[in-house]
Amino acid sequence: MTSNTIPVSAQTRSNTRVGIILGGIALGMVGVAFAAVPLYQLFCQVTGFNGTTQVATDNPKGVIAREMKVRFDVNVERALNWTVKAAAPVTDQIGRVDTVNYIATNNSDRPLTGQATFNVVPDKAGIYFNKIECFCFTEQTLQPGETVEMPIVFFVDPDLADNPELNTIKEITLSYTFYASDSE
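The working numbering numbers the first residue of the sequence shown as 7 and each following residue consecutively.
Right, here's the structure in full:
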């Protein structure tokens, strides 16, 4: 009669090796999970995916005759006791640098810090929407009852006119969602 048993030391080594491999895979998955958010943000900034806008210092490409209407939208998370009024729409030549202001008021009796996230609709226009200055780049702290103007300096990149998929686009909407900062 033949025995099919593996010596204990060989079985232990095999189990240890499998445990190390599985532990390495688990650690690798945790590392990928932590890297996913910054990698996704980088991907969105480079490609304009999901309506992500671009950051610029100026418009070196000039202005073209085609006009674009830019509308502004705002949502405020319930946990942030602010009232925010969106800027009025702007219609201007593509490439022209414009400045608009959102108006925010802290309705609470204590200082509140908020942050804004943004996106552009239609999504494909995001890569052509350039912000030179924006309140969304940093957290904003408003004192009780304080009202502030929050500027956005932007332009639509003239390269938009070279994208045949956007030939029929006459309007872009820049939308902000304000939420209470994690530091609150």
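Every residue gets a Cβ at the ideal spot worked out from N, C-alpha and C, and that includes glycine.
Predicted model, so just to flag it, every value in this text is computed and none were measured.
**OP:** State the beta-bridge partners of Pro-157 as determined by DSSP.
**Re:** DSSP output for Pro-157 lists Asn-107 as bridge partner(s).
Subject >> Beta bridge counterpart(s) of Cys-140 as assigned by DSSP >> reply: DSSP output for Cys-140 lists Ile-158 as bridge partner(s).
Subject >> Nearest-angstrom Cβ-Cβ length linking Val-106 and Phe-78, presumed shorter than 8 Å >> reply: The pair is a contact, with the Cβ atoms about 7 Å apart (cut-off 8 Å).
**OP:** Give me whichever residues DSSP pairs with Asp-98 in a beta bridge.
**Re:** Per DSSP, the beta bridge partners of Asp-98 are Met-74.
Original post:
Skipping 5 residues on each side, what residues in its chain have a beta carbon closer than 6 Å to that of Tyr-46?
Top reply: In this prediction, Tyr-46 scores a pLDDT of 47, lower than 50, which makes its location untrustworthy; the coordinate-derived value is nonetheless stated afterwards. Nothing meets the Cβ criterion.
Original post:
How is the beta strand (DSSP E) around Gly-120 delimited, first residue to last?
Top reply: Its beta strand (DSSP E) spans residues 118 to 127.
Original post:
From what residue to what residue does the beta strand (DSSP E) around Gly-149 run?
Top reply: Residue 149 is actually Gln in this sequence, not Gly. Looking at the DSSP string, Gln-149 is not in any beta strand (DSSP E), and its letter there is neither H nor E.
Original post:
Helix, strand or coil: which one does DSSP assign to Arg-24?
Top reply: Going by the sequence as given, residue 24 is Val instead of Arg. Helix at Val-24.
Original post:
Is DSSP giving Ser-187 helix, strand or coil here?
Top reply: Ser-187 falls in the coil class under three-state DSSP.
**OP:** Decide if Ile-26 is buried, meaning its Cβ has at least 16 other Cβ atoms within 10 Å, or exposed.
**Re:** Per the 10 Å Cβ criterion, exposed.
Original post:
Just reading off the beta strand (DSSP E) that Thr-89 is part of, what are its end residues?
Top reply: From DSSP, the beta strand (DSSP E) with Thr-89 extends over 88 to 91.
Subject >> Other residues of its chain near Ser-187: CB distance less than 7 Å, five sequence neighbours each side excluded >> reply: So the list reads Thr-119, Gly-120, Gln-121 and Glu-145, once near-sequence residues are dropped.
Original post:
Among the residues of its own chain, which have a CB less than 6 Å from the CB of Tyr-134, if the five just before and after it don't count?
Top reply: In its chain, beyond the 5 residues on either side, Val-162, Asp-163 and Leu-166 have a beta carbon closer than 6 Å to the beta carbon of Tyr-134.
Original post:
Who are Ile-192's beta bridge partners in DSSP?
Top reply: The question about residue 192 has no answer here: the residues shown for the chain are numbered 7 through 190.
Subject >> Residue of Asn-81, Lys-67 and Ala-110 minimising C-alpha distance to Leu-148 >> reply: Minimum Cα distance to Leu-148 is reached at Ala-110.
Original post:
Hey, how far is the Cα of Asn-136 from the Cα of Thr-22?
Top reply: Looking at the backbone, the Cα of Asn-136 and that of Thr-22 are separated by about 54 Å.
Original post:
Could you give the distance in angstroms between the alpha-carbon of Val-69 and the alpha-carbon of Gly-29?
Top reply: Each residue's Cα considered, the two are about 57 Å apart.
Subject >> Chain-order list of residues whose beta-carbon lies under 6 Å from that of Val-76 (same chain, five-residue window excluded) >> reply: Only residues of its own chain outside the window of five on either side were considered, and among them Val-96 and Ile-178 have a CB closer than 6 Å to the CB of Val-76, listed in chain order.
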